[in-house]
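> Residue numbers (the numbering used here): 213 to 310.
Right, I'll just put the structure down here and ask away after.
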């Protein structure tokens with residue numbers, strides 16, 4: 213039961229039809245809900261400013277998500293550990309050989 217189907221996602225009051233896998237529906241709906249929640253928060257904070265419109269709020273939300281993505285990528289960077297493991301492996305092999 214992993215067929216494609218059409219859902220309508222509401223973003224900032226506009227409906228967007230998306231064809232997705234049925235098993236991913238909850239993920240898409242949660243993402244849309246989170247986006248709209250952040251839009252509401254930024255709107256409450258900056259909505260009183262007449263220079264801020266929906267595009268500006270969407271840009272702020274996009275930046276928020278991009279920053280979170282970069283933070284997670286940096287947190288999951290395993291290269292320092294991989295390098296240290298390689299160093300220790302080389303050192304251990306030296307001890308075992310000699």
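Just so it is clear, CB atoms sit at the ideal spot from N, CA and C, and this is done for glycine as well.
It should be emphasised that the depicted structure is a prediction, and the values quoted were computed from it without experimental measurement.
Along the chain, where does the beta strand (DSSP E) that runs through residue 220 open and close?
Counting from 1 along the chain shown, the entry for residue 220 is found at position 8. Run containing residue 220: 216 to 223, per the beta strand (DSSP E) assignment.
> Using a threshold of 8 Å, state whether the C-beta atoms of residue 223 and residue 248 are closer than that.
Counting from 1 along the chain shown, the entry for residue 223 is found at position 11. Counting from 1 along the chain shown, the entry for residue 248 is found at position 36. In contact: residue 223 and residue 248 (Cβ atoms closer than 8 Å).
> I'd like to confirm the pairing. Which residues does DSSP put opposite residue 230 in its beta bridges?
Along the chain shown, read from residue 1 onward, the residue named residue 230 stands at position 18. Answer is 219.
> For residue 300, does the count of other Cβ atoms within 10 angstroms reach 16, so buried, or fall short, so exposed?
Position 88 of the chain shown, counting from 1, holds the residue named residue 300. Per the 10 Å Cβ criterion, exposed.
> Using the Cβ count rule (16 or more neighbours within 10 Å means buried), how would you classify residue 273?
Locating residue 273 in the chain shown gives position 61, counting from the first residue. Buried, by the Cβ-count rule.
> Which term fits residue 304, buried or exposed, when burial requires 16 or more other beta carbons within 10 angstroms of its beta carbon?
Taking the first residue of the chain shown as 1, we reach residue 304 at position 92. With fewer than 16 Cβ atoms within 10 Å of its Cβ, residue 304 is classed as exposed.
> Relative to the C-alpha of residue 270, which residue among 254, 288, 285 and 262 is closest?
Position 58 of the chain shown holds residue 270. Nearest C-alpha to residue 270: 254.
> Pull up the CB-CB distance for residue 216 and residue 232, whole angstroms please, since I reckon it's below 8 Å.
Residue mapping note: residue 216 aligns to position 4 of the chain shown, counting from 1. Residue mapping note: residue 232 aligns to position 20 of the chain shown, counting from 1. Rounded, the Cβ-Cβ distance is 7 Å, consistent with contact.
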